[in-house]
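Residue numbers for the sequence shown follow numbering that gives the first Met the number 0, so the first one is 0 and each next one is one higher. Glycine included, C-beta positions come from ideal geometry on N, C-alpha and C. Keep in mind the model is a prediction, meaning the values are calculated, not measured.
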Amino acid sequence: MGSFLGAWRVREYIFDADGTYRGQVLQRRQLFLRHDARVRVMQDCKLDRALLRHPIAAFAGHHEFDLVTVGSTRRFLGPAVIGAGVQVQVGDISTTLGRGHWPALGYSFTSYGVVGQRQRQLTGGRFYIGARSIAELVGVAEPEPRAGPRAGQGAPADYPRLRGPTEPLAIGRAWSGERVRRDADGGCEQLGRVERTYARGSSGYTWEELREDGSAWRAHVTRPNPADETRVNITIEGPEPTPLIAAGSRSGWSLSVSGVRGPELVIEWTELLDPADARLVIIQRRVHRHVVRDIEITNLRARA
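Shown next as C-alpha cells:
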C-alpha cells in the first residue's frame with residue numbers, strides 16, 4: 000500500500016467550472032511526521048503566467064499546515080488549511096478525501112488523493128467561494144528522487160504529467176477491480192469484485208457492470224450537445240426499480256457527476272482516470288434525505 004509521506008513533485012492542471020483549461024501549477028509537496036505524532040504538510044507552488052490573473056493565483060508561494068490521524072479520520076489543524084478528511088483503502092490503493100477551508104485566502108475546498116503501490120498519486124479537487132466554484136484541479140504526483148541527477152526539487156520537465164486519453168473506452172473495453180463502502184459511522188465493508196465493459200454508441204457510450212453479489216448494471220452516457228465534449232447525461236439501470244438519472248461535466252481526466260434515484264436519494268461521484276497506469280477510480284457519495292449515507296470507492300484497472 001502506498002504512503003502519502005515524503006517529498007512529492009506535483010503537476011496540477013487547472014480548469015474553470017465550465018471545463019475550460021487555464022494552465023498548470025507545479026507544486027513541491029512535503030509531508031513529514033513530527034515528534035508529537037502530527038504530520039507537517041508544506042506546499043510550494045509555481046504557476047503558469049497564464050494563471051497570474053486567475054483566482055488560483057492566490058496559491059502561489061509557500062503554505063504550511065499540520066494534520067493528525069485518528070483512525071481513518073484526518074484532521075487539518077492549520078494554519079493554512081482547516082478541515083477534515085477520511086482515508087479508505089481499496090485493493091492496492093489508498094484514497095484520502097478532504098473538505099475544509101483556507102482561512103487566509105477565503106477559499107473552501109474539496110480534495111482527493113489516490114496513491115498506489117507504485118507511489119504514483121492522483122491528486123486534485125475544487126475550490127469555492129460560497130457556492131461559486133472558482134477552479135477545478137486535476138493533478139498527478141510522484142516521489143521526489145533522493146539521489147541521482149534528478150534529486151531535489153527538480154526542473155519543470157522533471158515533474159510528472161497526465162497524458163493520453165481522457166475517457167476509459169479509449170484505453171480499453173474491459174476493466175476489473177474491487178469496491179469498498181464506508182458508512183457514516185466510519186465502518187468499511189469490502190463489496191467484492193467488479194467487472195465493467197464499455198462499448199461505443201451512436202451518440203456516446205455505454206458500460207455494463209457485473210458485481211460479485213450477482214447484480215448487473217447498465218449505463219447510457221450521451222452528450223446533449225455534440226459540440227460540447229465536456230458535458231454528458233447519464234442513465235444507470237440496475238436491480239432497483241427506479242433508474243439513476245444524472246448529468247456530468249469533464250475537466251481533463253476527471254468526470255464529475257450528480258444525479259438522483261427517485262425523490263430522496265442524491266448520488267454524486269467523481270471518476271479519476273490515469274492513462275499511464277490504465278487505472279480508473281470512482282468516488283461515489285450517497286446522500287439520503289440530505290444526510291450522507293455512505294461513500295463508495297471503486298478501483299478498476301484495464302484488462303489487456
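Using 10 angstroms around the beta-carbon of residue i, count the other beta-carbons present and answer buried if the total reaches 16, otherwise exposed.
i: T94; result: buried
i: L25; result: buried
i: M0; result: The pLDDT assigned to M0 is 43, lower than 50, so where the model puts this residue is not dependable; a value taken from the coordinates is nonetheless given after this. It counts as exposed.
i: P167; result: buried
i: R278; result: buried
i: H62; result: buried
i: D273; result: buried
i: F126; result: buried
i: I281; result: buried
i: E346; result: Only positions 0 to 303 of the chain appear in the structure, and residue 346 is not among them; the question remains open.
i: R334; result: As displayed, the chain neither begins before 0 nor continues past 303, which places residue 334 out of reach and without an answer.
i: T297; result: buried
i: S202; result: exposed
i: V291; result: exposed
i: E295; result: buried
i: Q116; result: exposed
i: L121; result: buried
So what does DSSP say about residue i, is it helix, strand or coil?
i: I55; result: helix
i: D273; result: strand
i: L4; result: coil
i: A301; result: strand
i: R210; result: strand
i: A103; result: coil
i: L168; result: helix
i: P78; result: strand
i: A49; result: helix
i: A156; result: helix
i: T19; result: coil
i: G70; result: coil
i: D184; result: coil
i: H34; result: coil
i: L161; result: coil
i: G60; result: strand
i: A226; result: coil
i: G200; result: coil
So, using beta-carbon positions, are residue i and residue j closer together than 8 Å?
i: G176; j: G90; result: yes
i: L271; j: G258; result: no
i: V137; j: F31; result: no
i: S250; j: E135; result: yes
i: Q42; j: R28; result: yes
For the ligand ADP, is there any heavy atom lying closer than 7 Å to the beta carbon of residue i?
i: V9; result: As for the ligand ADP, it is missing from this structure, which has no ligand bound.
TODO: For the region 228-291, list the beta strand (DSSP E) runs that are entirely contained and at least 3 residues long, ordered along the chain.
DONE: 230-236, 243-250, 253-260, 264-273 and 278-287
TODO: Give, in chain order, every unbroken run of the beta strand (DSSP E) that is at least 3 residues long and sits entirely within the region 85-143.
DONE: 92-101, 106-115, 120-128 and 131-142
Open item on the list: Could you check whether the region 72-79 touches the region 97-114, counting it as contact only if at least three pairs of C-beta atoms, one from each stretch, sit closer than 8 Å?
Closed with: At 8 Å Cβ cutoff, the stretches touch.
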